[in-house]
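> Numbering follows the UniProt record's numbering, with no gaps: position 350 of the sequence shown is 350. Glycine is no exception: its CB is placed at the ideal position from the N, C-alpha and C atoms. Please read these numbers as outputs of a predicted model, since none were measured by experiment. Got a structure here, written out as structure tokens. Questions coming.
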Amino acid sequence: MALSQAIDPLFNDIADRSRQQKVPDLLFCAGPAETLDFAMPSLVEWMTEGSAFAVAIEPERRNRKISLRRFWYRYPDGAFSWNLGFEYRYGVDLAAEGAGTVPATYYFLSLLQKLAWPKEFDPARGPEGLDALVGLTVTRAAGEAQAVPFWDFVAECYRADRDRLERDCNIALPGFTEAVENVPSIEMPGLTVPANRSSFYFHDRQFFELIEPVENGVLMKRRTRVPDAQFRQYPELIAQQKALKASSPHVLLGPDYWRSVRRQRSRPAETRLAYLFLAGFNQNIIDFTNQEASEVLDSLDPIYPKSEEQEEEGFFVRFANPRAMITFVPRSRTLEVGNDHIGTCPYAFLIHALAMHNEALTREQEEATFRAIDEIQSKIDSGSFAEAEAQINSVRRDAFEKYERHRYRNPFRYDTERDVFEELELLRGTSRLKEAYQGALAALEEDVRDLNRRQREKDDQHEQSQERLLNLLFGILGVSGVIQVVFQVEQFAHERASNWQNWTFAILSLTMPIAMALALPVAIAWYVRRRSR
């Protein structure tokens, strides 16, 4: 109850989630807040453009203290999302990194995103599993618990929260493996990952001012801070490292490399490194030092703000990729409120949560629709057009009952949230997938109508052919009757001719019946031909 009382008013400030004059969405508190110890692997490895790379993490830089809050969000259709809010205050760790050393904090942040969206790993390692690739472990309390892989820790938390929800709220949910579907990774063949989406919220004035640079009170173009001449060196340094270690299984970016990149932690070098990290993080690229100016600028193009007027407001900048929404702010009152309850800004979370629900509905509907389309196509191929049409109508009814009525129609009140929500729908394919299966259904429906029309035309032609055949048979029967009459007349004429010895009379007697016998088939043929036109 305390969670809803603290957070729901903030949700209601920016969105109208009401349905039939009620707000069916609910927040449920899960496990208690706790502090965790995240440990990085000794070697962070990745593969990009066919080459393997690695950086060694110094022992004193591997461990990070992170706060955790967990909670449930229930949607109008009864679905639940289970949310974990991690808070990492990285400022001290970043400032403590020495000159010419590996930027371990940047790599740690990059690995956090890899937990949700693995990419840039050796494809052959896919079967090893996500935890083995990322290498992050979690300890709940130093000295009291053993370090476990991240997703094992998540599953353990879910079991505890599910039991608590059933005990306290009488709500039963399935187990972790049933509730959290493992989906194939597009980037890593053979790897399956838990279905999830991430939202990162950076409360960092320095990062914000790099993305939205201001000079003498005037907003500057980012390209003035990312000149091509100064960023050209970074891919060149990578190429040099590859040439020096051509025989190694991976290119280890060691002290010599980092002394070149960080240059005794000079301000310009650190600024460029920060730009490289930000651009890489927005695209979930851990190989962030291997970029030139054009790549950095492309990756720093936000989904909000999009206009000069929005930029001048200067409140926040948002980016998105297919798996994560990323926000940068110089200050945030709502973040301070939200941190104590959900571990993030309520405004950003609500955009993330509703977009995630819409995407899940769309993907579920896509799977069900295309499965039905295969069945409909099979019925069409077998000529069961009525059944196919009935199933199409059933799919359309289900589209509303099971999906459309539960989908959020961009409920946000302000363009700051409305624009971001719309961009997320586009980026995650929600709009595109919906158009795809609706188009496929419409095409099948048109196909069924066309085939029905052709079948009716074929049936009509068959009916006409049968009628013509029937008429012909009746005609033949009529001719047979006339011929029989002719023979009877001929017999009569022959008898009279024998009696009267008058052949002229016999011939004249036969002329009329024979003419009638010949005329009837001709008339029948003419009639049938006329009917068939």
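(1) Tell me whether Thr344 is buried or exposed, calling it buried when 16 or more other Cβ atoms sit within 10 Å of its Cβ.
(2) Do you know offhand how far residue 561's Cα is from Ser67's?
(3) At what residue ranges does the segment 325–374 contain a whole run of the alpha helix (DSSP H), taking only runs of 4 or more?
(4) With DSSP as the reference, identify every bridge partner of Val214, one or two as the case may be.
(5) Look up Arg140 in the DSSP assignment and say whether it is helix, strand or coil.
(6) Within the same chain, show all residues whose beta-carbon is closer than 6 Å to that of Ala145, passing over the 5 residues directly before and after it, in chain order.
(7) Beta-carbon separation of Leu219 and Gly129 under 9 Å?
(8) Report all residues from its chain with a CB closer than 8 Å to the CB of Trp500; omit the five preceding and five following residues, and keep chain order.
(9) Name the two residues that bound the continuous alpha helix (DSSP H) containing Thr177.
(10) What's the C-alpha gap between Leu297 and His203?
(11) Please name the residue in Ile57, Arg318 and Pro184 whose C-alpha comes closest to that of Phe207.
(12) Quick check on DSSP: helix, strand or coil for Leu237?
(13) For Asn182, which of helix, strand or coil comes out of DSSP?
(14) Would you report the Cα separation of Asp122 and Gly314, rounded to the nearest angstrom?
(15) Considering just the uninterrupted stretch of the alpha helix (DSSP H) at Tyr257, what are its terminal residues?
(16) Could you check the C-alpha separation between Thr48 and Glu446 for me, to the nearest Å?
(17) Please name the residue, chosen from Ser51, Ala54, Met40 and Ala79, that lies closest to Glu60 on a Cα-to-Cα basis.
(18) Ile303 lies in the alpha helix (DSSP H); which residues open and close that run?
(19) Of the choices Tyr257, Ala30, Val102 and Arg232, whose alpha-carbon is the least far from that of Cys157?
(20) Any contact of the segment 356–373 with the segment 230–241, i.e. 3+ C-beta pairs under 8 Å?
(21) So, using beta-carbon positions, are Asp419 and Lys306 closer together than 9 Å?
(22) Judging by CA-CA distance, which residue of Pro127, Arg428 and Arg405 is the nearest neighbour of Arg19?
(23) Please state if the CB of Thr289 and the CB of residue 584 are separated by a distance shorter than 9 Å.
(24) Can the beta-carbon of Thr369 be found closer than 9 Å to that of Ala390?
(25) Out of curiosity, what's the CA-to-CA distance linking Ser378 and Ser247?
(26) Is it right to say Ile186 is buried, meaning 16 or more other beta carbons lie within 10 angstroms of its own, or is it exposed?
(27) Taking contact to mean at least 3 C-beta pairs separated by less than 8 Å, is the segment 73–89 in contact with the segment 22–36?
(28) If you measure between the beta carbons of Leu3 and Phe86, is that distance less than 9 Å?
(29) I want to check one thing, is the minimum distance from the CB of Ala141 to the heavy atoms of the ligand NAD below 8 Å?
(30) By Cβ distance, which residues of its chain are closer than 7 Å to Ala147, with the 5 residues on each side in sequence left out?
(31) Exposed or buried, Thr430, counting other C-beta atoms within 10 Å across all chains shown (16 or more means buried)?
(32) I want to see whether chain B comes within less than 9 Å of Asp25, judged by CB atoms only; does it?
(33) Measure the Cβ-Cβ separation of Asp93 and Arg64 and say whether it is below 9 Å.
(34) I'd like the span of the alpha helix (DSSP H) that includes Arg110, first residue to last.
(35) Three-state secondary structure (DSSP) at Arg62?
(36) Alpha carbon to alpha carbon, how far is Glu423 from Ser384?
Quick look at the numbers:
(1) buried
(2) Since the first residue shown for the chain is 1 and the last is 533, residue 561 is missing from the structure and cannot be characterised.
(3) 333–339
(4) Leu219
(5) coil
(6) Thr139
(7) no
(8) Unreliable placement is indicated for Trp500, whose pLDDT of 49 sits below 50; no coordinate value is reported for it.
(9) Phe176 to Ala179
(10) 21 Å
(11) Arg318
(12) helix
(13) strand
(14) 40 Å
(15) Pro255 to Arg262
(16) 46 Å
(17) Met40
(18) Ile303 -> no alpha helix (DSSP H), and no H or E assigned at all.
(19) Ala30
(20) no
(21) yes
(22) Arg405
(23) For residue 584 there is no data in the structure shown, the boundaries of the chain being 1 and 533.
(24) no
(25) 56 Å
(26) exposed
(27) yes
(28) no
(29) Among the ligands in the structure shown, none appear at all, so the ligand NAD cannot be discussed.
(30) Ala39, Thr137, Val138 and Thr139
(31) buried
(32) The chain labelled as chain B is not found in the depicted structure, where only one protein chain is given.
(33) yes
(34) Per the sequence presented here, residue 110 reads as Ser, with Arg not at that position. Its alpha helix (DSSP H) spans residues Ala104 to Lys114.
(35) coil
(36) 42 Å
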